[in-house]
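Written below as C-alpha cells is the structure these notes are about.
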Amino acid sequence: MATYKLVVLPGDGVGPEVVSAGLEALKAVERRFALRFELTEDVVGGACIDRFGVAIRPETLERCRRAHAVLLGAVGGPKWDDPTAPVRPEQGLLALRKGLGLFANLRPVKVYPYLAQASTLRPEVLEGVDMVVVRELTGGIYFGRPQRQWRSRRGRQAVDTLRYSEGEIRRILRVGFELARQRRKRLTSVDKANILESSRLWRTLANEMASQYPDVELRHMLVDACAMHLIRRPADFDVVVTENMFGDILTDEAAMLAGSMGMLPSASLGRRRSDGTGLGLYEPVHGSAPDIAGQDVANPLATVLSIALMLRHSLGEPAAAAALEEAVERVLAQGYRTRDIASEGAQTVGTQAMGRLVAEAVLA
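Residues in the sequence shown are numbered from 676 upward in steps of one, following our numbering.
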C-alpha cells in the first residue's frame, strides 16, 4: 500500500470548511485505490498570527518540506487587513512558495457544460473552454527589492520593483512549453513588451526557446489584449504562460468563465523528479470569503479539484486523480450545486454535503 505524507493547512475564513469537504472526498479515494494518506494539520495566515504572532512558523515550513504535498484552504480576511500591520496573513503564503521553491503555479480553467448558465457570458462564447494558465510565482514585482514606503518633502511615496532574471524566466517558459506539448500544442506568452524591459527580456527568451519546441505554436500577446480576449474568445487559449502579477490578475478574470472562483483549483510546483512528480502546494484560487465563513455555503469543488491535481502532480496517482475529477463531473451532471453556481431547477446543497456527494461518486 502506497503511503503519502500530507500537510494540511486549513487557514482562515471558509478555508477549514472547504478543506474538510475536500478531505471527505480524499478518504473515498484512499478507500477505492488502497492508498494511505498520513495527514498532519498545522496553521498558517491569520490563524497563525492569532496563535503565534507570525504568519507562518519555521517548524511549519520544515514540516511542509518533509511532506509529499501540502493542501491549503485560504488565508486572510478583514480582521488582519491593516496595511500598516507588520505581519499580514499573505506573508505566510508567500513564505511557503519561496521556502518550498514553488515557482510555477498551474491554474486550469474548464467550463463544464452543466454550468454554462452560471457564467455571465453567453453559453456559445464558453463552448470548448479548456485552458491552463501557468503563472510564475516567486519573482517579479511581488518579490522585487526595493519595496518600501517613505516620506519626503513632497509627501508620502512608495516603490515596488519588477525584476526578473534569465533563469527565472526560462524555467517558467519551459513549464509552459512542456505542458502545451502534452495538450493541444498552443502556447500563448503574455507580457507587456511595448512598455516594460522585463517583458522585452521575457519575449526574447520565449522566442529563443521556441526552436526547442518546433511542435508547439508560440504566440505573444500583451496583457491588456489577453484580458480582452479571455472574454471575447476564451476557447482560443490552450496554455497561457505569464509573469507573477499578470497571472494573478488574469486567473481571477478567467475564474468567471467557469461561473465561480469556487470552481478553480491550483497547483504550485517546484523542481520535478525524473518521473514528473515533486513537492507541491495545492489550494483553491478563491480567497477566505469571511462574509460566508461558518455558514456551510462555500463551494468546495475548487479544493476537491486541487486535490486531484495533487494526486497527479505530487503523488503520481493519475488514475485516482481522474476518478476524483470524474466524480465532480458526475455530481454536477446530477444537478447538485452550491449557492455560488446554483441555477433554476438545480438542487442546492451545502459545503459538507457537496463533499459527501463527491465522495459517494468516487466509490460508486
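Here a beta-carbon is modelled for each residue, glycine too, at the ideal position from N, C-alpha and C.
Is there contact here, the segment 871-880 with the segment 837-848, by at least three beta-carbon pairs under 8 Å?
yes
On the DSSP letters alone, give me the boundaries of the alpha helix (DSSP H) that D805 sits inside.
Run containing D805: none in the alpha helix (DSSP H); it sits in the beta strand (DSSP E), 805-811.
Compute the Euclidean distance between the alpha carbons of L747 and L710, then round it to the nearest angstrom.
21 Å
Buried or exposed (CB count within 10 angstroms, at least 16 for buried), R1012:
buried
Indicate whether the contact test is met: 3 or more Cβ pairs, each with one atom in the segment 805-813 and one in the segment 1025-1034, closer than 8 Å.
no
Ends of the alpha helix (DSSP H) at F921?
919-930
Compare the C-alpha of L897 against each of V915, E843, V683, D890 and name the closest.
V915
Given R738, which residues of its chain have a CB within under 8 Å of its CB, disregarding the five upstream and five downstream residues?
V682, T715, D717
Assuming A995 is part of the alpha helix (DSSP H), what are its boundary residues?
993-1008
Using beta-carbon positions only, say whether V1006 and A1039 come within less than 8 Å of one another.
no
Which residues does DSSP pair with A779 in a beta bridge?
E811, L944
Cβ pair L986, A977 closer than 8 Å:
no
For S949, does the count of other Cβ atoms within 10 angstroms reach 16, so buried, or fall short, so exposed?
exposed
Beta-carbon spacing of A973, V689 below 8 Å:
yes
Which residue comes first and which comes last in the alpha helix (DSSP H) that contains E1019?
E1019 -> no alpha helix (DSSP H), and no H or E assigned at all.
Reduced DSSP secondary structure (H/G/I, E/B, other) of Y957:
strand
Validate contact between the segment 958-967 and the segment 686-704 using beta carbons, cut 8 Å, 3 pairs
yes
Please report the straight-line C-alpha distance between V729 and V762, rounded to a whole angstrom.
6 Å
Any alpha helix (DSSP H) of 4 or more consecutive residues that is wholly inside the segment 840-906:
841-857, 872-885
Per DSSP, which residues does E832 bridge with? Please list them.
Just to set this straight, residue 832 is Gln in the shown sequence, not Glu. In the DSSP output, where bridge partners are listed per residue, Q832 has W825.
According to the Cβ coordinates, are A779 and L999 closer than 8 Å?
no
From L771, Q832, F708, pick the residue whose C-alpha is nearest to that of P1040; which is it?
Nothing about residue 1040 can be reported from this structure: the residues present for the chain run from 676 to 1039 only.
Option in L954, E1019, D913, V979 with minimal Cα separation from R858:
D913
State the DSSP-derived secondary structure class of A677, mapped to helix, strand or coil.
coil
Enumerate in chain order the residues of its own chain whose CB-to-CB distance from F708 is below 6 Å, with the five nearest sequence positions on each side excluded.
A995
Would you kindly report the start and end of the unbroken alpha helix (DSSP H) that includes A749?
No alpha helix (DSSP H) holds A749; the beta strand (DSSP E) holding it covers 744-749.
Through-space distance from L736 to I1016, alpha-carbon basis
35 Å
Over what stretch of residues does the alpha helix (DSSP H) that includes L980 continue unbroken?
976-988
Label A757 either buried or exposed according to how many other C-beta atoms from any shown protein chain fall within 10 Å of its C-beta, with 16 as the threshold for buried.
The amino acid occupying residue 757 in the given sequence is Asp; Ala does not appear at that position. Exposed is the call here.
Simplified DSSP state of T768, which is helix, strand or coil:
Reading off the sequence, residue 768 comes out as Leu, not Thr. DSSP places L768 in helix when its eight states are reduced to three.
Mapping the DSSP letters down to three states, classify L698 as helix, strand or coil.
helix
Once the 5 residues before and after V745 are set aside, which same chain residues still bring their CB inside 6 Å of it?
V682, C739, L956
Taking all protein chains shown into account, decide if Q766 is buried (16 or more other Cβ within 10 angstroms of its Cβ) or exposed.
buried
Which same chain residues, not among the five before or five after R894, have their C-beta less than 7 Å away from its C-beta?
T863
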